[in-house]
Amino acid sequence: MTSLTIVTVENNESLSAELNRVPIWLAANLHSLMLLKHTSKKAPVMSAFFASVIITFIVLTPPTFAAEICPSPKNNQLESATVKWVYDGDTVLLTDKRKVRIIGVDTPETKHHKQKGQAYGAKAKEALREKLKQHNYKVRLLYGKEKKDKYSRVLAHVFLKDGTNISSWLLQQGYAKTLAISPNIAFADCYKKAEQTAQLKSLKIWKLKKNRLVTTESIKPKTKGYVRLKGVVKSKQTHKKSISLTLESHDKKPTHITIKNKNLGYFKSIDFDKLIGKSIIVSGMLKNQRKRRTIQLNHPSQLQIFAGTQIESMIKWSSK
C-alpha cells in the first residue's frame, strides 16, 4: 500500500525560500516520484500530476539564481594573455609557457598516459577550446590570493574580453563542479549559483548517477570521491584545529563534516550549535576510511541548510 502526504507550507515566505532551493528539493521530489511509480498502480497518473505541479511552481516563481555571468573585475585588475593549448576543461597553457589552473571549477579528467578519461572530460575540453577560439584565444587573468599550486601551475580566474567568466560559463553549461579552496574563494557564491542552474536542468555531468543527491541512509559502504550528501546533524564537536558535525547514521560508520579553524571566518554567519537536529546538504570530496567518513568544507557555498519553517520536500512518500 502506498500513502502520499502533501506537506503544506506555513507561509508564503517559506514557499518562496524553498523554491529558491529548486535543484535540491526538485531532485528529491523526482526521486520520490520514481519510487512511487514502482509501488502504486496509479503512480504514473499521480507522478504526472505532481510533476506538473512542480513545473508550475518553477514557472510562476523562477529561482533567484538566474544563469547570469559572474561580474568581471575592472580592467586594471586583469592581465592580458593568450592561450596556446588547452589541456582539459580547467587547465590551459599560455603562449609564455605558463600553465594556468582555472580557479573555482573542477572538470572531468581527460584520457592521458594510462589514465582513462572520465565522462564528459573530452567534451569539456573541446567546449573550452571552441569558446576560446571564438575570441582568438585572448584571455584576461585575475590571480588568486594563492598564486600557484603544488604543481607550480598559475592559479587564476579567467575572463574573455566581453566579460565572460570562464569558470561561471563552464558551470552553467554543466561541464564542471564548483571547487572552493581557500584562500582563492572569490566568486564562490556566484559559482555555486551557476552550478545550480546546470543541476536544475540536469545538464552534462549532472545526468550521471554518481552526481545525484544521496542521503546518509542510501550512501554505499565504499562510496568515496565527490558527493552531494543530505543528512541530519546529530552533534557538534570542537577540536584543536577544527570543528566537526556528525550526521545521523543507520550504520556504525558515521559521516563527519569538518571545517578547519583557518576557514571558520568564512562561516561566521552560521551558528553551528543551532544546526543540531536540522537537515543539511553538503557537497565535496568524501574520504572513506575504515571507521568513519569525512567531508571537509572550505566555504559556505558547500553547505545548504533547511530552516525549521521550510519544507524539505513538497511530497513525502511511504510504502507499507
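In terms of numbering that gives the first Met the number 0, the sequence shown is residues 0 to 319.
Virtual Cβ for every residue (Gly too), placed ideally from N, Cα, C.
Legend entry - Boundaries (first-last residue) of the beta strand (DSSP E) holding Asp87: One-based indexing of the sequence shown puts residue 87 at position 88. Glu78 to Asp87 is the extent of the beta strand (DSSP E) around Asp87.
Legend entry - At least 3 beta-carbon pairs within less than 8 Å: the region 75 to 84 vs the region 123 to 141: yes
Legend entry - Alpha-carbon spacing of His255 relative to Lys267, whole angstroms: Translated into positions along the sequence shown, residue 255 becomes position 256. Translated into positions along the sequence shown, residue 267 becomes position 268. Their Cα atoms are separated by approximately 20 Å.
Inset, instruction - Assuming Ser300 and Lys191 form a contact by the criterion Cβ under 8 Å, report the distance between their Cβ atoms to the nearest whole angstrom. - result: The count along the sequence shown starts at 1 and reaches residue 300 at position 301. The count along the sequence shown starts at 1 and reaches residue 191 at position 192. The C-beta separation of Ser300 from Lys191 comes to about 4 Å, placing the pair in contact by the 8 Å criterion.
Legend entry - Contact between the region 113 to 128 and the region 163 to 179 (3+ Cβ pairs under 8 Å): A contact exists between the region 113 to 128 and the region 163 to 179.
Inset, instruction - Give me the Cα-Cα distance between Lys261 and Ser282, rounded to the nearest whole angstrom. - result: Your numbering for residue 261 matches position 262 in the sequence shown. Your numbering for residue 282 matches position 283 in the sequence shown. Answer to the nearest angstrom: the Cα atoms are 19 Å apart.
Inset, instruction - Mark Ser217 as exposed unless 16 or more other C-beta atoms lie within 10 angstroms of its C-beta, in which case mark it buried. - result: Position 218 of the sequence shown, counted from the start, is the residue given in the question as residue 217. The residue is exposed, with fewer than 16 neighbouring Cβ atoms inside 10 Å.
Inset, instruction - Given a cut-off of 8 Å, decide if Ser278 and Ile231 are closer than it, judged by their beta-carbon atoms. - result: Taking the sequence shown and counting its residues from 1, the one referred to as residue 231 is at position 232. Taking the sequence shown and counting its residues from 1, the one referred to as residue 278 is at position 279. It should be noted that the sequence gives Val, not Ile, for residue 231. Pairing Val231 with Ser278 gives a Cβ-Cβ distance under 8 Å.
Inset, instruction - Along the beta strand (DSSP E) that carries Ala175, what are the first and last residues, could you check? - result: Here residue 175 refers to the residue found at position 176 when the sequence shown is read from its first residue. Looking at the DSSP string, Ala175 is not in any beta strand (DSSP E), and its letter there is neither H nor E.
Inset, instruction - Figure out for me which residue from Ser167, Leu263, Leu228 and Gly224 has the closest Cα to the Cα of Ser243. - result: Walking along the sequence shown from the start, residue 243 turns up at place 244. Nearest option by C-alpha distance: Leu263.
Inset, instruction - Could you tell me the distance, in whole angstroms, from the CA atom of Leu246 to the CA atom of Asn183? - result: Here residue 246 refers to the residue found at position 247 of the sequence shown. Here residue 183 refers to the residue found at position 184 of the sequence shown. Straight-line Cα distance between these residues: approximately 28 Å.
Legend entry - Boundaries (first-last residue) of the beta strand (DSSP E) holding Asp105: The sequence position of residue 105 within the sequence shown is 106, counting from 1. Element bounds for Asp105: Gly103 to Asp105.
Legend entry - C-alpha distance - Gly103 paired with Lys229, whole-angstrom precision: Position 104 of the sequence shown, counting from 1, holds the residue named residue 103. Position 230 of the sequence shown, counting from 1, holds the residue named residue 229. Spanning the two alpha carbons is a distance of roughly 23 Å.
Legend entry - Separation of Asn164 from Gln133, as counted between CA atoms: Locating residue 133 in the sequence shown gives position 134, where the first residue counts as 1. Locating residue 164 in the sequence shown gives position 165, where the first residue counts as 1. Computed Cα separation, rounded: 14 Å.
Inset, instruction - List the whole-angstrom C-beta distance separating Lys290 from Lys252, where the pair is believed to meet the contact cut-off of C-beta under 8 Å. - result: For this step, residue 290 is matched to residue 291 along the sequence shown. For this step, residue 252 is matched to residue 253 along the sequence shown. Confirmed, Cβ separation roughly 6 Å.
Legend entry - Nearest-angstrom beta carbon gap, Gln303 and Thr257 [assumed within contact, 8 Å]: Sequence index remark: in the sequence shown, residue 257 carries index 258 (1-based). Sequence index remark: in the sequence shown, residue 303 carries index 304 (1-based). Rounded, the Cβ-Cβ distance is 17 Å, inconsistent with contact.
Inset, instruction - Helix, strand or coil for Lys36, going by three-state DSSP, please let me know. - result: One-based indexing of the sequence shown puts residue 36 at position 37. Confidence in Lys36 is poor, its pLDDT being 41 and thus under 50, which makes the residue's placement too unreliable to answer from.
Legend entry - Cα-Cα separation between Arg97 and Asp161, rounded to whole angstroms: Taking the sequence shown and counting its residues from 1, the one referred to as residue 97 is at position 98. Taking the sequence shown and counting its residues from 1, the one referred to as residue 161 is at position 162. C-alpha separation (whole angstroms): 23 Å.
Legend entry - Tyr119 burial status per 10 Å Cβ neighbour count (16 or more: buried): The residue given as residue 119 occupies position 120 in the sequence shown. The residue in question, Tyr119, is buried, as its Cβ has 16 or more Cβ neighbours within 10 Å.
Inset, instruction - Identify every residue that forms a DSSP beta bridge with His156. - result: The residue given as residue 156 occupies position 157 in the sequence shown. For His156, which the question treats as bridged, DSSP gives the partners Leu141.
Legend entry - Own chain residues within Cβ distance below 8 Å of Asn74, not counting five before or after: Counting from 1 along the sequence shown, the entry for residue 74 is found at position 75. Arg139, listed in sequence order.
Legend entry - Beta-ladder partner(s) of Gly283, from DSSP: Walking along the sequence shown from the start, residue 283 turns up at place 284. In DSSP, Gly283 forms a bridge with Val226.
Inset, instruction - Check each candidate in Ser248, Lys223 and Ser166 and name the one with the smallest Cα separation from Asn287. - result: Position 288 of the sequence shown, counted from the first residue, corresponds to residue 287. Per the Cα distances, Lys223.
Inset, instruction - Starting from the N-terminal side, write out each stretch of the beta strand (DSSP E) that is 3 residues or longer and does not extend beyond the region 198 to 282. - result: Runs found: 212 to 214, 224 to 237, 241 to 246 and 254 to 259.
Legend entry - Reference Gly143; option with closest CA among Ala179, Glu108 and Thr109: Within the sequence shown, residue 143 is the residue found at index 144, counting from 1. Looking at the Cα atoms, Ala179 is the closest of the given residues.
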